[in-house]
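Reading through the structure tokens given below for one structure.
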Amino acid sequence: MQLTIRYMSYLFITGDRFCGPKRSWSAEEKDAVLLDFANCIEIKKLPSYHDVQAAASKHSVLCNRSPTSIRLWIENQIMKKRKSCELSGNGGGHKDKVIKRIRWSIEEQNTLNSEFARHIRGNTLPSQSEIQAVIDNNPHMQQRSVKCIKTTVLNARIKYRAS
Numbered sequence: 610m611q612l613t614i615r616y617m618s619y620l621f622i623t624g625d626r627f628c629g630p631k632r633s634w635s636a637e638e639k640d641a642v643l644l645d646f647a648n649c650i651e652i653k654k655l656p657s658y659h660d661v662q663a664a665a666s667k668h669s670v671l672c673n674r675s676p677t678s679i680r681l682w683i684e685n686q687i688m689k690k691r692k693s694c695e696l697s698g699n700g701g702g703h704k705d706k707v708i709k710r711i712r713w714s715i716e717e718q719n720t721l722n723s724e725f726a727r728h729i730r731g732n733t734l735p736s737q738s739e740i741q742a743v744i745d746n747n748p749h750m751q752q753r754s755v756k757c758i759k760t761t762v763l764n765a766r767i768k769y770r771a772s
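To convert, note that position 52 of the sequence shown is 661 in this note's numbering; the numbers rise steadily by one, no gaps.
Structure (structure tokens):
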């Protein structure tokens with residue numbers, strides 16, 4: 610059936626679904642999918658359509674699920690895993706994490722100004738390896754991350770140019 614804009618808007622308004630009624634996944638269906646695709650979820654990579662078809666034909670509990678819906682369930686599990694990593698701090702996101710800002714000591718400021726003077730007065734930012742070398746050589750800089758130091762150098766450069 611050719612989908613027209615009128616029919617698609619009808620589906621949107623009425624809430625009818627293309628693929629039939631929505632059904633919850635049973636524990637047996639989840640176990641069958643996890644048996645074959647736990648490694649895909651672990652490495653956060655979707656399996657091929659062919660692999661999903663083979664798994665669906667292998668497990669009788671998956672006979673009522675289309676390969677597309679199985680792939681979509683796997684994708685949702687990957688997204689859940691990604692989101693939980695971000696919220697726990699492992700993925701870089703920190704939406705619910707409280708950040709404690711520590712004031713820079715005079716010693717840290719002097720080290721920053723002396724070690725990164727050419728970057729503050731120039732047009733470049735220090736590389737990760739340069740910053741890591743400064744952290745390794747100065748024990749009082751150990752509590753600062755590379756990202757924190759790079760941002761502070763950028764802010765110092767903006768302040769230098771404004772004066």
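All C-beta atoms in this analysis are idealised placements derived from N, C-alpha and C, irrespective of residue type, glycine included.
Here's the rule: buried if 16 or more other CB atoms are within 10 angstroms of the residue's CB, otherwise exposed. What is Asp645? Taking a 10 Å sphere around the C-beta of Asp645, we find 16 or more other C-beta atoms and assign the residue as buried.
Roughly how many angstroms lie between the CA atoms of Met610 and Ala647, to the nearest whole one? Low local confidence applies: a pLDDT of 48 at Met610 is under 50, so the model's placement there is unreliable, with the coordinate-based value given in what follows. Straight-line spacing of the CA atoms in Met610 and Ala647 works out to 37 Å.
State the start and end residues of the unbroken alpha helix (DSSP H) segment that holds Asn746. Run containing Asn746: 737–746, per the alpha helix (DSSP H) assignment.
Selected residue, minimal CA-CA separation from Lys654, among Ile687, Lys639, Arg753: The shortest Cα separation from Lys654 among Ile687, Lys639, Arg753 belongs to Ile687.
Cβ neighbour criterion (16 or more within 10 Å) applied to Ala742: Note on Ala742: under 16 other CB atoms within 10 angstroms of its CB, so exposed under the neighbour-count rule.
Less than 7 Å between the C-beta atoms of Tyr658 and Pro630, yes or no? Pro630 is positioned such that its CB atom lies no closer than 7 Å to that of Tyr658.
Given this structure, state the Cα-to-Cα distance separating Arg770 from Arg730, to the nearest angstrom. Note on geometry: alpha-carbon atoms of Arg770 and Arg730 lie some 8 Å from one another.
Would Leu671 and Ala665 qualify as a contact pair, given that the criterion is a beta-carbon distance under 7 Å? Cβ atoms of Leu671 and Ala665: closer than 7 Å.
May I have the straight-line CA-CA distance separating Thr733 from Ile652, to the nearest angstrom? Using only the alpha carbons, I get a separation of about 36 Å.
Lys756: first and last residue of the uninterrupted alpha helix (DSSP H) it sits in: Per DSSP, Lys756 belongs to the alpha helix (DSSP H) from 755–771.
Can you give me the Cβ contacts of Ile650 inside the same chain, cut-off strictly under 7 Å, excluding the 5 residues immediately before and after it? Within the same chain, Ile650 has close Cβ partners Ile683, Gln686, Ile687, Lys690.
Considering just the uninterrupted stretch of the alpha helix (DSSP H) at Ile652, what are its terminal residues? It is not in any alpha helix (DSSP H) - Ile652 carries neither H nor E in the DSSP assignment.
Label Glu724 either buried or exposed according to how many other C-beta atoms from any shown protein chain fall within 10 Å of its C-beta, with 16 as the threshold for buried. By the 10 Å Cβ count, Glu724 comes out buried.
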